[in-house]
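Asks:
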Amino acid sequence: MSKMNMLQAVNSALITSMDENEKVMVFGEDVGHFGGVFRATSNLQQKFGKGRCFNTPLTEQGIIGFANGLASQGSVPVAEIQFGDYIFPAFDQILNETAKFRYRSGGQFTCGTLTIRTPYGGGIAGGLYHSQSPEAFFAHIPGMKIVIPRNPYQAKGLLLASIRDDNPVLFMEPKRLYRASVGEVPDEDYELPLGKAEVVKEGTDITLLAWGAQMEILEKAAEMAQNDGISCEIVDLRSILPWDAQTVSESVMKTGRLLINHEAPLTGGFASEIAATVQERCFLHLESPIQRVCGLDTPYPLAHEKEYMPDHLKTYEAIKRCVNF
Amino acid sequence: MKDRNHLSNIGLCHEVNIIDNGLADIPMLQMLQADGTVHKSAKLPDMDKVTAHKIYQTMQYVRVLDERMVGAQRQGRISFYLACTGEEASTVASAAALSPQDMIMSQYREQGTLAYRGYTTAQFMNQMFSNKLDPNKGRQMPIHYGDKALNFMTISSPLGTQIPQASGYAYGQKMAGNEALTICYFGEGAASEGDFHAGLNMAAVLNCPVIFFCRNNGYAISTPSDEQFAGDGIASRGIGYGIKTIRVDGNDVLAVYAATQQARKIALAENCPVLIEAMTYRLAAHSTSDDPTGYRSKEEEQKWRDKDPVLRMANWMKNQDWLDEDEDQKFVERTRQEVLAEMKLAEKVEICNIDEIVNDVYDTPPWHLRQQLKDLKSHISKYPDAYPKTSGRLDNE
Chain A
36 MSKMNMLQAV NSALITSMDE NEKVMVFGED VGHFGGVFRA TSNLQQKFGK GRCFNTPLTE
96 QGIIGFANGL ASQGSVPVAE IQFGDYIFPA FDQILNETAK FRYRSGGQFT CGTLTIRTPY
156 GGGIAGGLYH SQSPEAFFAH IPGMKIVIPR NPYQAKGLLL ASIRDDNPVL FMEPKRLYRA
216 SVGEVPDEDY ELPLGKAEVV KEGTDITLLA WGAQMEILEK AAEMAQNDGI SCEIVDLRSI
276 LPWDAQTVSE SVMKTGRLLI NHEAPLTGGF ASEIAATVQE RCFLHLESPI QRVCGLDTPY
336 PLAHEKEYMP DHLKTYEAIK RCVNF
Chain B
85 MKDRNHLSNI GLCHEVNIID NGLADIPMLQ MLQADGTVHK SAKLPDMDKV TAHKIYQTMQ
145 YVRVLDERMV GAQRQGRISF YLACTGEEAS TVASAAALSP QDMIMSQYRE QGTLAYRGYT
205 TAQFMNQMFS NKLDPNKGRQ MPIHYGDKAL NFMTISSPLG TQIPQASGYA YGQKMAGNEA
265 LTICYFGEGA ASEGDFHAGL NMAAVLNCPV IFFCRNNGYA ISTPSDEQFA GDGIASRGIG
325 YGIKTIRVDG NDVLAVYAAT QQARKIALAE NCPVLIEAMT YRLAAHSTSD DPTGYRSKEE
385 EQKWRDKDPV LRMANWMKNQ DWLDEDEDQK FVERTRQEVL AEMKLAEKVE ICNIDEIVND
445 VYDTPPWHLR QQLKDLKSHI SKYPDAYPKT SGRLDNE
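Right under this line is the structure:
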């Protein structure tokens with residue numbers, strides 16, 4: 036065990052997988068000698084050589100196109116998109132290529148070995164283009180897996196599982212936790228399951244569901260509610276696609292209430308999908324309408340970042356509304 | 085930082101000197117004249133009679149296939165087809181200069197390369213009739229072939245996406261130490277896509293052994309090349325990216341073969357990309373959904389019919405007594421019969437079982453796909469007449 040922040044945990048997972056499998060290659064903008072703008076790929080080029088860890092030209096569609104070819108050839112690419120906000124030039128390569136390779140070729144060719152890492156989310160004074168949470172766009176793509184860790188321990192275990200999984204994975208790293216979140220992380224190899232939510236704290240009155248950096252917000256709000264005598268069950272979804280409807284539904288059937296929190300805008304956000312499925316599965320168990328505490332339907336603002344964010348106070352108010360319905 | 089990429093080797097000037105004629109003077113390699121005679125100074129590639137025969141027969145084969153399949157589409161037997169008439173030399177002769185281990189990433193008009201590799205008529209038909217014998221499981225429109233055994237990557241409709249993929253595939257081949265490269269075909273229209281620029285730049289910077297083969301056939305559906313770009317074709321872009329580049333007469337089998345052979349040698353020996361721009365003409369319509377009479381003249385087409393690559397090769401073969409015209413005629417007739425016979429067989433083969441609708445989305449279908457399949461099957465069994473192709477085979481639930 037070592038004390039690590041999330042960047043160190045990501046770095047540790049990359050070293051573990053590059054050590055284990057020489058087909059693993061890490062690349063993207065500035066990831067080479069410099070080690071990435073956040074330093075997640077520090078020392079990889081020094082340790083594994085320029086052939087396996089390298090800078091690419093500044094072209095997101097090129098990075099993912101290249102990664103798709105490399106994956107279909109049998110290598111194990113871990114491609115970095117420097118910010119989730121800049122992934123969209125690669126959207127066609129992800130939507131029409133990465134995710135459809137296996138299906139369109141009847142399983143003859145696949146991009147299953149590909150992992151795309153990208154930092155996402157706000158809270159770092161990043162304004163419109165260094166703050167977005169684009170997971171819902173990708174959740175609409177059959178063939179993709181989407182994974183988001185909430186702390187360093189989760190980051191290492193989930194990233195190792197993502198790299199080894201035989202399906203393309205979009206691994207979204209909550210960048211405001213990169214250095215802020217510190218915890219004990221095993222030095223050895225371990226995996227955490229994809230497609231599995233985790234009940235982080237048991238409770239009886241309401242289920243609070245989120246992922247990534249918003250888990251901290253839920254915990255804060257739950258503490259406030261606890262003082263009012265409300266017992267919150269906290270669930271980390273961890274995988275956005277495929278998502279663990281079973282664990283979420285079981286929790287809701289127990290508590291009778293559900294609140295979903297995400298940073299991305301409300302309309303068309305992934306909370307909508309969860310709410311639709313849960314009302315279908317848990318209709319007769321629900322005591323009140325499902326609450327969504329999300330970002331506003333605006334671009335991500337800079338000066339009004341605090342006001343935009345679905346913070347613990349907004350969450351706390353929604354908990355009370357839900358319980359006192 | 086390597087100086088060559090920044091400031092060294094740059095000369096100075098002391099007057100405003102805006103380059104107004106930046107067109108590189110890139111000539112076109114030509115060995116055969118339209119009548120099949122060889123240019124006197126041409127350094128011919130080493131092409132033996134067996135290879136020449138295989139190239140010629142493959143071109144004839146594809147021409148027959150195209151003619152029959154356009155007909156089949158007109159009769160309503162298949163939904164779509166896309167002929168390569170006029171471009172047979174570009175595709176077939178380039179494929180002939182490769183090793184079978186080389187990966188082919190094509191756009192969609194390269195059936196000649198696939199035929200050269202040995203894709204059978206039955207395989208063509210099974211794909212086009214989307215039946216259960218198609219290894220791609222009938223999931224894509226006709227002509228989206230793919231065959232792992234022949235190192236032919238499954239075709240995808242979006243234009244140019246295969247270009248950066250080819251760079252990545254080639255990089256993987258290099259890292260694995262394979263004595264093989266990737267060839268990537270695309271048209272001059274697709275070269276306007278962002279993926280073209282991304283893919284060429286990455287291949288050059290990351291030293292990928294890939295041949296970029298541009299079929300400059302004059303048209304992107306109805307848009308002529310002078311409305312597609314203003315510079316000197318596609319070849320000049322290769323030079324801009326620091327890529328070794330050659331322009332060839334795409335209707336000249338010997339020029340295409342020689343250029344591709346040389347490109348392959350260089351790409352493997354030096355671990356670098358090479359760009360080939362083949363100047364040709366799409367005598368065919370873009371696809372069976374297109375009608376070229378709306379955008380080009382009969383006279384223009386005739387000019388290019390006079391440069392027909394198949395005829396040109398036939399003339400060259402005749403000149404050196406390599407072509408038995410009787411046998412040639414018989415081959416064409418045999419191919420016609422074979423295409424018709426295989427078509428009849430393929431159109432009777434059923435489509436895949438309904439379970440295949442959720443397979444291959446992931447390595448194994450996750451819970452939500454299993455649930456959706458179960459719901460779908462129970463719906464089909466309620467209305468079997470509405471879904472006749474699958475309703476009789478729902479047994480293995």
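Those protein sequences? They're chains A and B, same order as listed. Each residue of the first sequence is one higher than the last, beginning at 36 in the working numbering. Each residue of the second sequence is one higher than the last, beginning at 85 in the working numbering. Just so it is clear, CB atoms sit at the ideal spot from N, CA and C, and this is done for glycine as well.
To the nearest angstrom, how far is the alpha carbon of B/Glu-481 from that of B/Ile-227?
Replies: Residue confidence for B/Glu-481 is low, a pLDDT of 46 falling below 50, so the modelled location carries little weight; the figure read from the coordinates is stated next. Their backbone Cα atoms lie some 32 Å apart in a straight line.
Asks: Chain A partners of B/Val-38, CB-CB under 8 Å?
Replies: Chain B is shown only over 85 to 481; residue 38 of chain B falls outside these bounds and no answer can be derived.
Asks: What residue from B/Met-259, B/Pro-219, B/Tyr-471, B/Gln-114 has the CA that sits closest to B/Ala-126's CA?
Replies: Comparing Cα positions, the closest option is B/Gln-114.
Asks: My understanding is that B/Glu-361 touches B/Arg-331, with C-beta atoms under 8 Å, so please give their C-beta distance in whole angstroms.
Replies: About 5 Å; that satisfies the 8 Å criterion.
Asks: Looking at the C-beta of B/Ile-447, does it have a partner C-beta in chain A at a distance below 8 Å?
Replies: The amino acid at residue 447 of chain B is misidentified as Ile; the sequence shows Asp. By this cut-off, B/Asp-447 is an interface position.
Asks: Using the three-state DSSP reduction, which class does A/Gly-162 fall into: helix, strand or coil?
Replies: Helix at A/Gly-162.
Asks: Which ranges does the beta strand (DSSP E) cover as unbroken runs of at least 3 residues, wholly within the segment 248 to 304 of chain A, from first to last along the chain?
Replies: Counting whole runs of 3 or more residues, the segment 248 to 304 of chain A contains the beta strand (DSSP E) stretches 267 to 271, 274 to 276, 293 to 300.
Asks: Can you give the beta carbon distance from A/Ala-248 to A/Leu-294, rounded, assuming they're within the 8 Å contact cut?
Replies: At roughly 17 Å, the Cβ-Cβ gap does not stay under 8 Å, so A/Ala-248 and A/Leu-294 are not in contact.
Asks: For the segment 100 to 121 of chain A, which residues have a beta carbon sitting closer than 9 Å to at least one beta carbon of chain B?
Replies: The residues in question are Gly-100, Phe-101, Ala-102, Asn-103, Gly-104, Leu-105, Ala-106, Ser-107, Gln-108, Gly-109, Ser-110, Pro-112.
Asks: Could I get the ranges of all uninterrupted alpha helix (DSSP H) runs contained in the segment 295 to 338 of chain B, with 4 residues as the minimum, in chain order?
Replies: As far as the segment 295 to 338 of chain B is concerned, its whole alpha helix (DSSP H) runs of at least 4 residues are 319 to 324.
Asks: Any C-beta of chain B within less than 7 Å: which residues of the segment 185 to 207 of chain A qualify?
Replies: Those would be Asp-201, Asn-202, in chain order.
Asks: Which of the three DSSP states, helix, strand or coil, is assigned to B/Phe-236?
Replies: Strand.
Asks: Between the alpha carbons of A/Thr-133 and A/Met-179, how many angstroms are there, rounded?
Replies: Each residue's Cα considered, the two are about 8 Å apart.
Asks: Provide the residue(s) that pair with B/Arg-447 in DSSP beta bridges, ordered along the chain.
Replies: The sequence shown places Asp at residue 447 of chain B, rather than the Arg named in the question. Partner(s): none; B/Asp-447 has no beta bridge.
Asks: Thinking C-beta only, is B/Ile-441 closer than 8 Å to B/Asp-374?
Replies: In this structure, B/Ile-441 does not lie closer than 8 Å to B/Asp-374 by Cβ.
Asks: Does B/Pro-184 come out as helix, strand or coil in the three-state DSSP assignment?
Replies: In the structure shown, B/Pro-184 sits in coil (DSSP, three-state: anything other than H, G, I, E or B).
Asks: Can you find a C-beta in chain A that's less than 8 Å from the C-beta of B/Asn-210?
Replies: B/Asn-210 does not count as touching chain A.
Asks: DSSP puts A/Asn-40 in a beta bridge; with which residues?
Replies: In the DSSP output, where bridge partners are listed per residue, A/Asn-40 has A/Val-217.
Asks: With a threshold of 8 Å between beta-carbons, can A/Thr-153 be considered close to chain B, or not?
Replies: By this cut-off, A/Thr-153 is not an interface position.
Asks: Please state whether the Cβ-Cβ distance between A/Ser-307 and A/Cys-357 is less than 8 Å.
Replies: Contact flag unset, no.
Asks: Answer with buried or exposed for B/His-463, where buried requires no fewer than 16 other C-beta atoms within 10 angstroms of its C-beta.
Replies: With fewer than 16 other Cβ atoms within 10 Å, it is exposed.
Asks: For a contact defined as C-beta to C-beta under 8 Å, what are the partners of B/Tyr-471 on chain A?
Replies: Within 8 Å Cβ-Cβ: nothing; B/Tyr-471 doesn't reach chain A, min ~20 Å.
Asks: State the beta-bridge partners of A/Glu-233 as determined by DSSP.
Replies: In the DSSP output, where bridge partners are listed per residue, A/Glu-233 has A/Asp-271.
Asks: For A/Gln-143, return the contacting residues in chain B, with the cut-off set at a CB-CB distance below 8 Å.
Replies: Ordered by position in chain B, the residues that pass the 8 Å Cβ test against A/Gln-143 are Pro-219, Asn-220, Gly-230, Asp-231, Lys-232, Thr-238.
Asks: Taking Cβ to Cβ, would you say B/Pro-242 is nearer than 8 Å to A/Asn-131?
Replies: Going by C-beta atoms, B/Pro-242 is nearer than 8 Å to A/Asn-131.
Asks: Between A/Ala-160, A/Ile-129, A/Tyr-138, which lies nearest to A/Leu-149 when the distance is taken from Cα to Cα?
Replies: Considering only alpha carbons, the answer is A/Ile-129.
Asks: Could you give the first and the last residue of the continuous beta strand (DSSP E) run that contains A/Phe-173?
Replies: Unbroken run through A/Phe-173 is the alpha helix (DSSP H), 170 to 174; no beta strand (DSSP E).
Asks: Quick check on A/Cys-88: does DSSP put it in helix, strand or coil?
Replies: The answer is strand: DSSP assigns A/Cys-88 an E or B state.
Asks: Report the rounded CA-to-CA distance for B/Ala-266 versus B/Tyr-467, giving the unit in angstroms.
Replies: Note on residue identity: the sequence assigns Thr, not Ala, to residue 266 of chain B. Cα to Cα, B/Thr-266 sits roughly 48 Å from B/Tyr-467.
Asks: Just the Cα atoms here: how many angstroms apart are B/Asn-101 and B/Gln-191?
Replies: Rounded to the nearest angstrom, the two C-alpha atoms are 40 Å apart.
Asks: Among residues of its own chain, excluding the 5 on either side of B/Asn-443, which ones have a beta-carbon nearer than 7 Å to its beta-carbon?
Replies: Closer than 7 Å at Cβ, skipping near neighbours: Pro-449.
Asks: Is B/Ala-199 helix, strand or coil by DSSP?
Replies: Of the three classes helix, strand and coil, the one that applies to B/Ala-199 here is helix, per DSSP.
Asks: Rounded to whole angstroms, what's the CA-CA distance from A/Phe-172 to B/Thr-121? Just pull it up for me.
Replies: Whole-angstrom Cα-Cα distance: 59 Å.
Asks: Work out the CA separation of A/Asp-65 and B/Gln-455 for me, nearest whole Å.
Replies: Rounded to whole angstroms, B/Gln-455 to A/Asp-65 spans 43 Å at the Cα level.
Asks: Return the CA-CA distance between A/Gly-291 and B/Leu-453, expressed in angstroms with no decimal places.
Replies: Cα-Cα distance, rounded: 27 Å.
Asks: With respect to the beta strand (DSSP E) encompassing A/Pro-154, which residues constitute its N-terminal and C-terminal limits?
Replies: First-last of the beta strand (DSSP E) with A/Pro-154: 150 to 155.
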